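Start counting the first sequence at -13; every next residue gets the next number (the numbering used here). Before any comments, here is the structure.
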Amino acid sequence: MNNQLSRSFYQNDIHSIAVDLLGCRLVRYIGKDSFLIGRIVETEAYKQKNDPASHSYKGKTKRNEVMFGEPGHLYVYFTYGMHFCCNVVCGPAGQGDAILIRALEPLEGIDEMMKRRFGQLSNKKAQYHNLTNGPAKLCKAFGIGRSENGLDLCGKNIWIEKETIYLSEQIGRSTRVGIKQGKEFPWRYYIKDNPWVSNTDKSVKIYEK
DNA sequence: CGTGAGATTTCCT
DNA sequence: GGAAATCTCACGT
């Protein structure tokens, strides 16, 4: 709680933030002194200007209006008829840039995450490594949906705490996942060799900070 | 392990 | 009307 990122963190350059978020803890308070906590291990940057893959590219609409609001808020979108994914709004207010959180390493509240993600099922798909290794999976595990859209990360429901990556870890960089336009931009960042990074790209480029 | 199709709704053209 | 910043299951190797 004392390391909670403040508004000014989110007003920086989007690529610096996407890198700095790696290793940080995403926290949700679920009552009774209980928390869901995951370490951010994969992010993607989306920009309003000249980035056709971004939801904000064509300007403000009802769906993406949170992206054009104040930084440090959560932009949650619904896609493929069934999934939610969450972003952190970044840059100066009104700019329309955001960072997609693509994967987490579960740290605390794991039983609660399991319950949200898999229900009461105890079959073999309910596995630890499958809990939060994708943008829609982590939203399910954290109970993030329509009603969390627009939520202020400088509040007391969901927030991010500052942490750095370990000395033994390297940052990988690649093109973004699952898009048709803007494919060429290497704006995906992840902690190399972390088991929870989504498995769709085997790029091995190392990002030098 | 890799590939392919289906699920299912919202938003914008 | 069609695509979408995805995931899961089934099936073939």
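Quick reminder that beta carbons are idealized off the backbone N, C-alpha and C, glycines included. Everything numeric in this text was worked out from a predicted model, so none of it was measured.
Residue i (DSSP reduced to helix, strand or coil)
i, result
"residue 97", "helix"
"residue 10", "coil"
"residue 197", "In the structure as shown, the chain begins at -13 and stops at 195. Residue 197 is therefore absent and cannot be evaluated."
"residue 124", "helix"
"residue 51", "helix"
"residue 244", "Missing from the structure shown is residue 244; the chain here goes from -13 to 195 and no further."
"residue 59", "strand"
"residue 15", "strand"
"residue 64", "strand"
"residue 170", "coil"
"residue 181", "coil"
Pair within 9 Å by beta-carbon distance, residue i and residue j
i, j, result
"residue 184", "residue 163", "yes"
"residue 135", "residue 52", "yes"
"residue 90", "residue 122", "no"
"residue 62", "residue 29", "no"
"residue 48", "residue 40", "no"
"residue 124", "residue 100", "no"
"residue 98", "residue 42", "no"
"residue 27", "residue 176", "yes"
"residue 16", "residue 131", "no"
Contact set for residue i: own chain, Cβ-Cβ below 6 Å, skip 5 residues either direction
i, result
"residue 145", "-10, 13, 139"
"residue 167", "38, 39"
"residue 1", "31"
Same chain, Cβ closer than 7 Å to residue i, five either side skipped, listed in chain order
i, result
"residue 181", "115"
"residue 46", "54"
"residue 59", "52, 75, 136, 137, 138, 139"
"residue -8", "140"
Delimiting residues of the beta strand (DSSP E) encompassing residue i
i, result
"residue 29", "21 to 32"
"residue 72", "69 to 76"
"residue 160", "157 to 160"
"residue 145", "144 to 147"
"residue 177", "174 to 177"
8 Å Cβ shell around residue i - same chain, five flanking residues per side excluded
i, result
"residue 149", "-11, 9, 10, 11, 25"
"residue 50", "41, 42, 61, 63, 82"
"residue 93", "11, 23, 24, 25"
"residue 142", "15"
Exercise for the section: Take every Cβ of the region -9 to -2, pair it with every Cβ of the region 73 to 93, and state whether three or more of those distances are shorter than 8 Å. Expected result: yes
Handout entry: Given 8 Å, three or more beta-carbon pairs between the region 46 to 60 and the region 79 to 88
Key = yes
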